[in-house]
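Engineer: Residue numbers (UniProt numbering): 1 to 223.
To start, I am sharing the structure in question, which I have written as C-alpha cells.
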C-alpha cells in the first residue's frame with residue numbers, strides 16, 4: 001500500500017490472538033521496516049501492557065472490555081507525527097481506533113482507522129460505526145483497514161444477501177469510497193477489507209502468508 005508519495009510502508013493482520021506472535025511481529029517489522037502495522041483481534045487486556053511495546057513505535061490500542069477476544073491496535077513509527085482522533089460517535093462495543101498522521105512537507109493529514117466487527121454485531125452497533133466512518137471522512141485522506149465480517153458481499157458485482165451488509169455497502173458507495181482487496185483473506189471469503197477515500201492513495205498490495213498460526217492472510221505494502 002503506497003500512501004501519499006510512498007512515505008509509508010504498511011502491514012495489516014488479523015492476529016486471532018497475538019499470544020505468542022509478538023516476537024514474530026517485531027522481527028517482521030524490523031526486517032521489512034514497516035512504518036505502520038494495523039492489527040485486529042489482538043486479544044489483549046491490561047495484563048499485556050509491558051509485553052507489547054516496541055521501542056521504535058508508538059502504540060495505539062483499544063482492548064475489548066468485559067469479555068475475551070477482540071481488540072484492535074496500531075503501531076506507528078515514532079518519526080511520524082500522529083495522535084489518536086477523538087470522535088463524537090463512540091460506543092464501548094464498537095472496536096475501532098482512528099489515528100491522524102501528519103504527512104511531512106505540509107502535504108496534509110491522513111487518518112488511518114482499524115476496525116474489528118464481530119459476526120454477532122447487531123444493527124444499532126453497526127450504525128454507530130458507520131457514523132464514526134462518516135465523521136472520520138472529514139479528513140483530507142483516509143485509509144480504513146479491518147475485519148468486517150460481511151462474507152455475503154460480492155465485491156466484484158456489489159451484491160449482498162444480508163440487510164446489514166447492504167447498509168454497509170450503501171455507506172461505502174454514498175461516500176465515494178473504494179474497497180481495494182480482491183483476494184480471499186480467510187477461507188473462501190473476503191472478510192478483511194481496505195477502504196479508502198481516494199483510490200490514488202493505494203498502490204500495489206501483496207496478500208499472502210500469515211502471522212504465526214493465524215488463519216487470516218497478511219497484507220503488506222510493496223517497497
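C-beta: ideal position from N, C-alpha, C; glycine also.
#1: By how many angstroms is the C-alpha of residue 41 removed from the C-alpha of residue 13?
#2: For residue 205, which residues of its own chain have a beta-carbon under 8 angstroms away from its beta-carbon, when the five flanking residues on both sides are left out?
#3: For residue 38 and residue 145, which I take to be in contact (beta-carbon distance under 8 angstroms), what is that distance rounded to the nearest angstrom?
#4: Between which two residues does the beta strand (DSSP E) harbouring residue 58 extend?
#5: Anyone know if the C-beta pair for residue 140 and residue 89 falls short of 7 angstroms?
#6: Using only the alpha-carbon positions, how far apart do residue 93 and residue 196 sit?
#7: So residue 87 and residue 101 are in contact, right, with Cβ under 8 angstroms, and what is the actual spacing, rounded?
#8: In the DSSP assignment, the alpha helix (DSSP H) including residue 83 goes from what residue to what residue?
#9: Going by DSSP in three states, residue 179 sits in which element: helix, strand or coil?
#10: Whose C-beta lies closer than 6 angstroms to the C-beta of residue 36 among residues of the same chain, with five residues either side of it excluded?
#11: Can you tell me whether residue 213 is buried or exposed? The criterion is at least 16 other CB atoms within 10 Å of its CB, across all chains shown.
#12: In the DSSP assignment, the beta strand (DSSP E) including residue 189 goes from what residue to what residue?
#13: So which of 72, 53, 45 and 79 has the shortest CA-CA distance to residue 65?
#14: Helix or strand or just coil, what does DSSP make of residue 42?
#15: Going by CA-CA distance only, name the one from 176, 215, 171 and 174 that's closest to residue 190.
#16: I'd like the ranges of any beta strand (DSSP E) spanning at least 3 consecutive residues and lying wholly in the segment 83-149.
#17: Tell me the DSSP secondary structure of residue 162 in three-state form.
#18: Rounding to the nearest angstrom, what Cα-Cα distance links residue 18 and residue 48 in this structure?
#19: How many angstroms separate the CA atom of residue 155 from the CA atom of residue 178?
Structural biologist: Reading it off the structure:
#1: In the chain shown, counting from the first residue as 1, residue 13 sits at position 13. In the chain shown, counting from the first residue as 1, residue 41 sits at position 41. Near 9 angstroms, if we compare the C-alpha coordinates of residue 41 and residue 13.
#2: Taking the first residue of the chain shown as position 1, residue 205 is located at position 205. Closer than 8 angstroms at the Cβ level, and outside the excluded window around residue 205, lie 1, 180, 181, 194, 219, 220, 221 and 222.
#3: Position 38 of the chain shown, counting from 1, holds the residue named residue 38. Position 145 of the chain shown, counting from 1, holds the residue named residue 145. That pair is a contact at about 5 angstroms.
#4: Here the question's residue 58 lines up with position 58 in the chain shown. Element bounds for residue 58: 57-62.
#5: As a position in the chain shown, residue 140 is number 140, starting the count at 1. As a position in the chain shown, residue 89 is number 89, starting the count at 1. The answer is no: Cβ separation not under 7 angstroms.
#6: The residue you call residue 93 lines up with position 93 of the chain shown. The residue you call residue 196 lines up with position 196 of the chain shown. Rounded to whole angstroms, residue 93 to residue 196 spans 23 angstroms at the Cα level.
#7: Here residue 87 refers to the residue found at position 87 when the chain shown is read from its first residue. Here residue 101 refers to the residue found at position 101 when the chain shown is read from its first residue. About 16 angstroms; that fails the 8 angstroms criterion.
#8: Position 83 of the chain shown, counting from 1, holds the residue named residue 83. It is not in any alpha helix (DSSP H) - residue 83 instead sits in the beta strand (DSSP E) that spans 81-84.
#9: As a working note, residue 179 is residue 179 in the chain shown. It is a strand residue.
#10: Taking the chain shown and counting its residues from 1, one reaches residue 36 at position 36. Closer than 6 angstroms at the Cβ level, and outside the excluded window around residue 36, lie 8, 10 and 76.
#11: One-based indexing of the chain shown puts residue 213 at position 213. With fewer than 16 Cβ atoms within 10 Å of its Cβ, residue 213 is classed as exposed.
#12: As a first step, residue 189 is located in the chain shown; it is residue number 189 there, counting from the start. No beta strand (DSSP E) holds residue 189; DSSP gives it neither H nor E.
#13: On the chain shown, position 65 is the one that residue 65 refers to. Nearest option by C-alpha distance: 45.
#14: Here residue 42 refers to the residue found at position 42 when the chain shown is read from its first residue. DSSP places residue 42 in coil when its eight states are reduced to three.
#15: In the chain shown, the residue the question calls residue 190 occupies position 190. Nearest of 176, 215, 171 and 174 to residue 190, Cα basis: 215.
#16: Segments of the beta strand (DSSP E) lying fully in the segment 83-149: 95-102, 109-116 and 141-147.
#17: The residue you call residue 162 lines up with position 162 of the chain shown. Note: residue 162 maps to coil in three-state DSSP.
#18: As a position in the chain shown, residue 18 is number 18, starting the count at 1. As a position in the chain shown, residue 48 is number 48, starting the count at 1. Using only the alpha carbons, I get a separation of about 10 angstroms.
#19: Reading the chain shown from its first residue, position 155 is the one you call residue 155. Reading the chain shown from its first residue, position 178 is the one you call residue 178. Cα to Cα, the separation comes out at about 10 angstroms.
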